[in-house]
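K.L.:
All residue numbers in the sequence shown are consecutive under the numbering used here, ending with 138. This is the structure, below, for whatever I ask next.
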Amino acid sequence: MTTAPLDSLPATIDGRIVLCRADGVGDGGRSVGVAGLDRTAPEKLLDLFLIRDGEALRCYVDMCPHLGSSLHFLPDTYLDSTRRYILCSTHGARFRKADGRCFAGPCLNEKLVGVPIHVREDGVVLLGPPPTGGG
């Protein structure tokens, strides 16, 4: 199967924001900036990141709950060296992939803000939960 380059994806599909292709999420994760979510400042970007958790993809807002800093130091690098946990490069806090809860670091038991996503059969990742009613 041939996949289209990331820059050839439309901004929306059926009114839903396109984040990326699932095969574009590497081992360390993927940064995605989304505009248009803040109606008072539609040009403002919300920084998100996607990671692999087994066969699933997870999406979170790229902001540590401790001081509000971005989690990554290098682009598309959100995991610790074992690739088992999300790592804040500023404070060394570690978060579980499945629910974003901090289990080590200065923000113990706080959580990253999870973002619902849906991976279509063609591998395109859309913002928001899967459609209901078979659509």
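Each residue gets a CB set at the ideal place from its N, CA and C atoms; glycine is no exception. As the structure is a prediction and not an experimental result, all values here were calculated from the model.
Across which residues does DSSP place F98 in a beta bridge pair?
P.N.:
In the sequence shown, residue 98 corresponds to position 95, counting from 1. According to DSSP, which records beta bridges pairwise, F98 is partnered with I89, C105.
K.L.:
Can you have a look at R97 and say buried or exposed, based on whether 16 or more other CB atoms are within 10 angstroms of its CB?
P.N.:
Position 94 of the sequence shown, counted from the start, is the residue given in the question as residue 97. R97 should be labelled buried.
K.L.:
Have a look at L51 and T135 and give me their C-alpha separation to the nearest angstrom.
P.N.:
By 1-based counting over the sequence shown, the position of residue 51 is 48. By 1-based counting over the sequence shown, the position of residue 135 is 132. Each residue's alpha carbon lies about 24 Å from the other.
K.L.:
Taking the straight line between their C-alpha atoms, what separation do you get for K47 and D41?
P.N.:
Counted from its first residue, the sequence shown places residue 47 at position 44. Counted from its first residue, the sequence shown places residue 41 at position 38. Taking the straight line joining both Cα atoms gives about 7 Å.
K.L.:
Just how far apart, CA to CA, sit P109 and L90?
P.N.:
What you label residue 109 is simply residue 106 of the sequence shown in a count that begins at 1. What you label residue 90 is simply residue 87 of the sequence shown in a count that begins at 1. Taking the CA atoms as reference points, P109 sits about 12 Å from L90.
K.L.:
Could you check which residue in P132, V28, M66 has the C-alpha nearest to that of G57?
P.N.:
Here residue 57 refers to the residue found at position 54 when the sequence shown is read from its first residue. Of the listed residues, the one whose Cα sits closest to G57 is V28.
K.L.:
Pull up the DSSP beta-bridge partners for G117, would you.
P.N.:
Locating residue 117 in the sequence shown gives position 114, counting from the first residue. Paired residues: Y63.
K.L.:
Using only CA atoms, which one of D65, G103, R87, G71 lies nearest to L77?
P.N.:
On the sequence shown, position 74 is the one that residue 77 refers to. Among D65, G103, R87, G71, the Cα nearest to that of L77 is on D65.
K.L.:
As a quick exercise: from R104, K100, L70, L115, pick the residue whose alpha carbon is nearest that of L93.
P.N.:
Numbered from 1 along the sequence shown, position 90 holds the residue referred to as residue 93. According to the sequence shown, residue 93 is Thr rather than Leu. Of R104, K100, L70, L115, the residue nearest in Cα terms is L70.
K.L.:
Compute the Euclidean distance between the alpha carbons of G18 and N112, then round it to the nearest angstrom.
P.N.:
For the purposes of this step, residue 18 is identified with residue 15 of the sequence shown, where counting begins at 1. For the purposes of this step, residue 112 is identified with residue 109 of the sequence shown, where counting begins at 1. Cα-Cα distance, rounded: 35 Å.
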